[in-house]
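Chains as they are written, first to last, in the numbering used here: chain A, 4 to 373; chain B, 4 to 373.
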């Protein structure tokens, strides 16, 4: 993995991230392919709409189809036929939020599968091994993700364990993984406590990971607290390494968090709200089921050139949505991801041209609010 | 509309049907786009997998999005962005099978919408008017479709009314439709009573429709009864006009019914069983959820060159199906339609080359049974 910082504008950064399966221009939004598929979309469509890197979920893939299948398939890329880069999370967030009867100890976490109740155990070493099998271009350390709100004592104890786990992940990664093919990112935690976030960033920075994620944010805390955490941590993170804000975000989040030094984003929100009938557009959000669009034969977003906007009307998308037709969910998802990818490209261009702040003001003045 | 009979082999026929929106080589299978979409698939995919003509449903489109939207859209082609030929059924079958509180009289049929309970009335004239608005290349007459089994007296009375309705449809069609853009097909009924079927074919043939459909078959009767009806009716149908067997069928049905003189087919079955996880293949049907495919990384059908078979494994399709992922339903649907379209092409080629019977024997000897 190589990361080249090409330009900065304030704290906003434009870079080039070179991974084993291809290059990624940053800032970038990563569509989420939880179960070895970005919901409703094919790899060809993802490529056509501008996707450069996908996110996969270690927790889900470990449980189904399972590691034996992933091993036999030759990894996640070949299994899902996605030739470009893939980042996998460590499963930490899911173990603590989705599994049943989760118990954490110093060594790792034991949990039951939400699919069939079977018992499993993740350790830092196991999670690296799984991501080796998946063949992810970017692997994540196994971390504990505290809920919001949480007590300071809990956050601190959890943070210290997360740091010890990060060290064990790094050791294991160096033992078993090929650094030409894979890279391991650390995850900064610390809930909404500024001093803990600073401590986390400093300790992890000292361990010399090739990249740094910010975890445990966008879990229910107010936006200004999330922004404050980013602002506190940013100066502590190595300037020459990529920063990834996990589970974020909206179009507005991209502007706000790039402004605070973030390079990589992922979020299920654009595809989830697409399946619920909401489209991002250059003139604000559109709830496609509204009767206002019954005879609106214009494109969903007149400024968008995606397959959906080039070929179908709002009236048709409304009809598909009301009729419960899957094609509607596909076309909505495709458009919202095309919107996010184009937005990331616009933000990047504005940084390269030194007019990030003006571009951001223009975006917000056009009424593209949540 | 123009129909050219290019070759025959026994009763099997290869033809060229020229419609306002394009040419269709027959025999052909028509994917069903009930609600202005072939479930899960985009128009681009339909084109790529070999679709030449689609079926739309008058009953469904009339109820939702409704005629005002279809009128404002400029017809069904533009609404769904399908540039090729479209055949619409008359809604007869759906009025009698899907609607609530249906009452038939000499003038037409009154029914309640299964969507919202609203009251509606279809007459032969109204059904032609709706299909004029939809802009279908091929329109169907409004008919009554008796259930199976039914009493002979009922079938006979229904048949006579269906013939009177066919005459009224033809009169209306000549008044309001442009024969350069649209064509109206008659529907032969008569349940499983051979003499009624003969009477129906003769009476409708005398009315000089540009094409003839066989309705009220594949509604629960044994296959040999269906075949007997086809054999009885076939000599009565004008040789120089296309014949369409409504709601049929399976791969096996294509062979059996082309052998008995049919040119056009439609059926929801290939896409419905795809959504239930069953794939047609050159080696028989595959129930993709079977654990036998958990680590089968070969293509779904090694003899198929569709997008699904060119890019994904049985193991991946099984994973998608078990995970409830829509991409699986898409890829299965795409493959099954590609299979049906390729099969229609193979059958046509065998007729043109005068080896239909040998080709049929070969197909059935390869174990492609239901």
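The beta-carbon is built from N, C-alpha and C at its ideal position, and this holds for glycine as well.
Treat the numbers as computed from the prediction; the structure is a model and nothing was measured.
7 Å Cβ cut-off: residues of chain A touching residue i
i, result
"residue 84 of chain B", "314 and 315"
CA nearest to the CA of residue i, picked from the options
i, options, result
"residue 240 of chain A", "A:252, A:90 and A:200", "A:200"
"residue 364 of chain A", "A:265, A:258 and A:286", "A:258"
"residue 89 of chain B", "B:46, B:107, B:114 and B:116", "B:46"
"residue 349 of chain A", "A:120, A:24 and A:53", "A:53"
"residue 130 of chain A", "A:40, A:106 and A:98", "A:98"
"residue 81 of chain B", "A:248, A:184, A:316 and A:36", "A:316"
"residue 36 of chain A", "A:60, A:19 and A:23", "A:60"
"residue 83 of chain B", "B:223, B:205, B:138 and B:209", "B:138"
"residue 232 of chain B", "B:100, B:325 and B:265", "B:265"
"residue 87 of chain A", "A:135, A:63 and A:25", "A:25"
"residue 143 of chain A", "A:14, A:185 and A:288", "A:185"
"residue 85 of chain A", "A:76, A:123 and A:127", "A:76"
"residue 105 of chain B", "B:92, B:207 and B:121", "B:121"
"residue 126 of chain B", "B:73, B:173 and B:227", "B:173"
"residue 287 of chain A", "A:368, A:234, A:261 and A:252", "A:368"
"residue 163 of chain A", "A:140, A:152 and A:190", "A:190"
"residue 318 of chain A", "A:302, A:32, A:165 and A:124", "A:302"
"residue 285 of chain A", "A:146, A:181 and A:345", "A:345"
"residue 224 of chain B", "B:205, B:282, B:235 and B:150", "B:150"
"residue 13 of chain B", "B:273, B:254 and B:261", "B:261"
"residue 293 of chain B", "B:306, B:268, B:68 and B:324", "B:324"
"residue 101 of chain B", "B:62, B:207 and B:155", "B:62"
"residue 321 of chain B", "B:289, B:72 and B:307", "B:289"
"residue 69 of chain A", "A:107, A:123 and A:21", "A:123"
Chain-ordered neighbours of residue i on chain B, where CB pairs are closer than 9 Å
i, result
"residue 38 of chain A", "322, 323, 326, 327 and 328"
"residue 300 of chain A", "75, 76, 77, 81 and 82"
Contacts that residue i makes with chain B (C-beta to C-beta distance below 8 Å)
i, result
"residue 319 of chain A", "39, 76, 82, 83 and 84"
Amino acids of chain A, ordered along the chain, whose beta-carbon sits closer than 8 Å to that of residue i
i, result
"residue 297 of chain B", "68 and 72"
Under 9 Å from the C-beta of residue i: neighbouring residues of chain A
i, result
"residue 42 of chain B", "328, 329 and 330"
Cutoff 8 Å: residue i Cβ touching any chain A Cβ
i, result
"residue 45 of chain B", "yes"
"residue 218 of chain B", "no"
"residue 151 of chain B", "no"
Neighbour flag for residue i against chain B, beta carbons, 8 Å
i, result
"residue 373 of chain A", "Since pLDDT at residue 373 of chain A reaches only 43, below the 50 mark, its modelled position is unreliable, and the value read off the structure follows with that caveat. Taking Cβ atoms only, chain B never reaches closer than 8 Å to residue 373 of chain A, which makes this a no."
>> I'd like to know if the stretch 230-246 of chain A and the stretch 292-305 of chain A are in contact, where contact means that at least 3 CB-CB pairs between them fall below 8 Å.
In response: With the cut-off at 8 Å, the stretch 230-246 of chain A and the stretch 292-305 of chain A do not touch.
> What residues from the stretch 351-371 of chain A come within 9 Å of chain B, judged by C-beta to C-beta, listed N to C?
Replying inline: Cβ contacts with chain B come from no residue of the stretch 351-371 of chain A.
> Counting Cβ pairs closer than 8 Å, one from the stretch 305-319 of chain A and one from the stretch 5-20 of chain A, do we hit at least three?
Replying inline: These segments do not touch.
>> Check whether the stretch 189-204 of chain B and the stretch 151-163 of chain B touch, using three or more Cβ-Cβ pairs below 8 Å as the test.
In response: Note that the stretch 189-204 of chain B touches the stretch 151-163 of chain B; at least 3 beta-carbon pairs, one per stretch, sit closer than 8 Å.
> For the stretch 31-45 of chain A against the stretch 325-337 of chain B, are there 3 or more C-beta pairs whose distance is under 8 Å?
Replying inline: Contact between the stretch 31-45 of chain A and the stretch 325-337 of chain B is present: 3 or more CB-CB pairs across the two stretches fall below 8 Å.
> Between the stretch 335-351 of chain A and the stretch 274-281 of chain A, do three or more beta carbon pairs fall short of 8 Å?
Replying inline: With three or more CB-CB distances shorter than 8 Å, the stretch 335-351 of chain A counts as touching the stretch 274-281 of chain A.
>> With three or more beta-carbon pairs closer than 8 Å as the criterion, would you say the stretch 351-367 of chain B touches the stretch 106-118 of chain A?
In response: Not touching, per the Cβ criterion.
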